[in-house]
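Plus 29 on top of the position in the sequence shown (first one is 1) and you've got the working numbering. Where a beta carbon is used, it is the ideal one built from N, C-alpha and C, also for glycine. Computed from a predicted structure; not experimentally measured. The next block holds one structure in the form of structure tokens; read it before the comments.
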Amino acid sequence: MFRRLLTAVGLSSPDTTATTAVAPEHSASAIVAETVSGSHVLTIHGYSQTKELIRNGQCVRSGAFTVAGHRCVIDYYPNGESPATADWVSIYLKLERRSTDVKAQVKLGLLDKDGEPVPTYWYPKNPDQVCSYTVDGEGWGTHRFIERKALEASDYLVKEDDCFRVRFDVVVFKEIRTEKRDADDAACRASSIVALPPDLGRHLGRLLSGWEGADVVRICTTSRCGSSGS
């Protein structure tokens with residue numbers, strides 16, 4: 030019975046000559062998710078004129094600019110994007126010239142005269158929201174950015190210059206990739222196995238016969254992986 034048990038667990042019988050232990054091999058790999066971030070500030074000069082000249086449902090498009098590695102434009106609707114938002118300012122960020130879908134976090138909001146964010150007018154209200162820019166899709170923004178009467182009554186509209194500012198913070202998620210890592214990297218070591226003593230068979234025999242173990246032998250697997258940020 031004892032010999033069959035040893036054979037079942039892959040061990041030699043007590044009287045078999047011990048073989049030299051082979052050093053364990055280590056390997057490492059990583060799954061890498063990276064982001065690219067940036068921001069852009071749009072200043073609307075001559076707000077009153079845009080309100081008078083641009084009808085509901087019409088927009089003024091900004092010049093193209095690059096943020097977070099992508100070409101972008103901003104569509105500004107001084108009288109709202111639709112009849113339902115005719116009393117509001119609507120605003121959207123759009124990506125240009127993309128051949129694949131893009132996932133990003135876009136936050137936009139009003140700045141005060143000192144260039145500080147106005148929390149009431151920052152969107153989305155869920156800061157972790159991720160939006161998808163599809164190849165044929167529209168931009169991301171809000172059709173109810175701020176009511177015109179609220180803007181005109183506030184200090185955020187600089188009266189002497191008839192202007193206000195909007196900031197866009199963009200985080201683009203790059204394609205997740207895999208890569209090989211140096212197996213000697215202490216932060217990403219592969220699983221390790223404690224070497225078995227050559228006389229394990231003798232100890233196991235004594236344990237089975239008298240239920241007394243000489244040395245406690247543990248087979249353990251450990252895995253550690255450090256984190257890295259971009």
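Straight-line gap, residue i to residue j (C-alpha atoms, nearest Å)
i: Y152; j: A52; result: 57 Å
i: R210; j: H99; result: 30 Å
i: I205; j: A93; result: 27 Å
i: I175; j: T129; result: 32 Å
i: V74; j: E167; result: It is His, not Val, that sits at residue 74 in the sequence shown. The straight-line gap from Cα to Cα measures roughly 25 Å.
i: G144; j: E189; result: 16 Å
i: Y106; j: A182; result: 19 Å
Of the listed residues the options, nearest to residue i (C-alpha basis)
i: C24; options: K123, P148, E204, R177; result: Since the first residue of the chain shown is 30 and the last is 259, residue 24 is not available in this structure.
i: K142; options: T49, S56, T72; result: T72
i: W117; options: A57, K80, I60, S161; result: K80
i: P77; options: D157, V195, L180; result: According to the sequence displayed, residue 77 carries Ser and not Pro. Selected option, being the one with the closest Cα: L180.
i: R126; options: T95, H74, N155, H172; result: T95
i: Y162; options: S111, S119, K123, S91; result: K123
i: V147; options: Q87, S66, F197, V89; result: F197
i: V260; options: A212, H55, T149; result: Not covered by the structure: residue 260. The range shown for the chain is 30 to 259.
i: S119; options: E145, A97, R90, G144; result: R90
i: S111; options: D190, R173, A182, L186; result: R173
i: I103; options: L137, T49, D184; result: L137
i: G67; options: A97, L82, S58; result: A97
i: Q87; options: Y185, Y121, K188, D190; result: Y121
i: C101; options: T49, L82, V70, N155; result: V70
i: K154; options: G144, E145, T171; result: T171
i: V199; options: V65, A50, S58; result: V65
Spatial neighbours of residue i in its chain, beta-carbon cut-off 6 Å, leaving aside the 5 residues before and after
i: K203; result: E63
i: N85; result: N108, G109, A115
i: T207; result: I60
i: L82; result: none
First and last residue of the uninterrupted beta strand (DSSP E) at residue i
i: Y185; result: Segment: none, Y185 is in no beta strand (DSSP E) and carries neither H nor E.
i: S68; result: 64 to 74
i: P53; result: That residue, P53, is in no beta strand (DSSP E); it is neither H nor E in DSSP.
i: T95; result: 94 to 96
i: D104; result: 99 to 106
i: Q134; result: 131 to 140
i: V147; result: 146 to 152
N-terminal and C-terminal residue of the alpha helix (DSSP H) that residue i is part of
i: E204; result: Premise fails: E204 is in no alpha helix (DSSP H) and is neither H nor E.
Buried versus exposed call for residue i [16 or more other C-beta atoms within 10 Å across all chains shown]
i: V201; result: buried
i: L236; result: Residue placement at L236 cannot be trusted, given a pLDDT of 43 that sits under 50; what the coordinates show is reported in the next sentence. Classification for L236: exposed.
i: L139; result: buried
i: L186; result: buried
i: S259; result: Residue placement at S259 cannot be trusted, given a pLDDT of 38 that sits under 50; what the coordinates show is reported in the next sentence. It is exposed - the Cβ of S259 has fewer than 16 other Cβ atoms within 10 Å.
Residues near residue i by beta carbon distance below 8 Å, same chain, minus five either side
i: C160; result: K132, A133, Q134, V135, W169
i: D157; result: Q134
i: D184; result: D141, K142
Close Cβ partners of residue i (< 7 Å) along its chain, the five nearest in sequence each way excluded
i: A212; result: H55, S56, A57, A219
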